[in-house]
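Have a look at the structure below, then the notes.
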Amino acid sequence: MSGGGADPSKPWRVAADGLAVAVRLTPKSGRDSIDGVAEGADGAHLKARVRAVPEKGAANAALIAVFAKWLGVPKSTVALDAGGKSRLKSLRVSGDGTALAARLAARLAQDGS
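Using the working numbering, the final residue of the sequence shown is 118, and nothing's skipped along the way.
As structure tokens, then:
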């Protein structure tokens, strides 16, 4: 997610049609949650956990639901952009990218991440 002048320490990038968010998903977890930001060799990612198993898209659907609820946006505005069969995923949130980025940053600050 470090293209287009984006800050490599942030797991998101403002795009023309919304916001692109890099996520590292842990399926089959004990809870559904967004757990802040993790820095890795491949850049910053939002850490997410879901109880769903990674079969038939269940974990991806759960990720979209958990992320949308956490960010306070309708599920219909969130889509899996890349990484359908990988732990590292890219979500696309439709809308005003700048406003969505501010909302995401505020939510992370609220959670102490």
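Yeah, the Cβ is synthetic: ideal placement off N, Cα and C, and Gly gets one too.
No experiment lies behind these values; they were computed from the predicted model shown.
Span of the alpha helix (DSSP H) holding Lys-74? Position 69 of the sequence shown, counted from the start, is the residue given in the question as residue 74. Where Lys-74 is concerned, the enclosing alpha helix (DSSP H) stretches over 63–76.
With a 10 Å radius around its C-beta and 16 neighbouring C-beta atoms as the bar for buried, classify Ala-114 as buried or exposed. Indexing the sequence shown from 1 puts residue 114 at position 109. Exposed is the call here.
Give me the Cα-Cα distance between Lys-94 and Leu-30, rounded to the nearest whole angstrom. Your numbering for residue 94 matches position 89 in the sequence shown. Your numbering for residue 30 matches position 25 in the sequence shown. Lys-94 and Leu-30 have their C-alpha atoms spaced approximately 7 Å apart.
Report the rounded CA-to-CA distance for Gly-77 versus Ser-99, giving the unit in angstroms. Counting from one through the sequence shown, the residue named residue 77 turns up at place 72. Counting from one through the sequence shown, the residue named residue 99 turns up at place 94. Going by the C-alpha atoms only, they are around 13 Å apart.
With a 10 Å radius around its C-beta and 16 neighbouring C-beta atoms as the bar for buried, classify Arg-36 as buried or exposed. Translated into the one-based positions of the sequence shown, residue 36 becomes position 31. It counts as exposed.
Host alpha helix (DSSP H) of Ala-21 (start-end): Counted from its first residue, the sequence shown places residue 21 at position 16. Segment: none, Ala-21 is in no alpha helix (DSSP H) and carries neither H nor E.
Can you say whether Val-58 is buried or exposed, counting buried as having 16 or more other CB atoms within 10 angstroms of its CB? Looking up residue 58 in the sequence shown gives position 53. With fewer than 16 other Cβ atoms within 10 Å, it is exposed.
Who does Glu-60 pair with in a DSSP beta bridge? What you label residue 60 is simply residue 55 of the sequence shown in a count that begins at 1. Beta-bridge pairing links Glu-60 to no other residue.
Run through the DSSP bridge pairs and tell me what Leu-96 is partnered with. Indexing the sequence shown from 1 puts residue 96 at position 91. DSSP, once it has assigned bridges, lists Val-26, Leu-85 as partnering Leu-96.
Three-way DSSP call (helix, strand, coil) for Lys-90 in this model: The residue labelled residue 90 in the question sits at position 85 within the sequence shown. Here Lys-90 sits in coil by DSSP.
Beta-carbon proximity check, Val-83 vs Ala-67, cutoff 8 Å: Within the sequence shown, residue 83 is the residue found at index 78, counting from 1. Within the sequence shown, residue 67 is the residue found at index 62, counting from 1. The criterion of a C-beta distance shorter than 8 Å is not satisfied by Val-83 and Ala-67.
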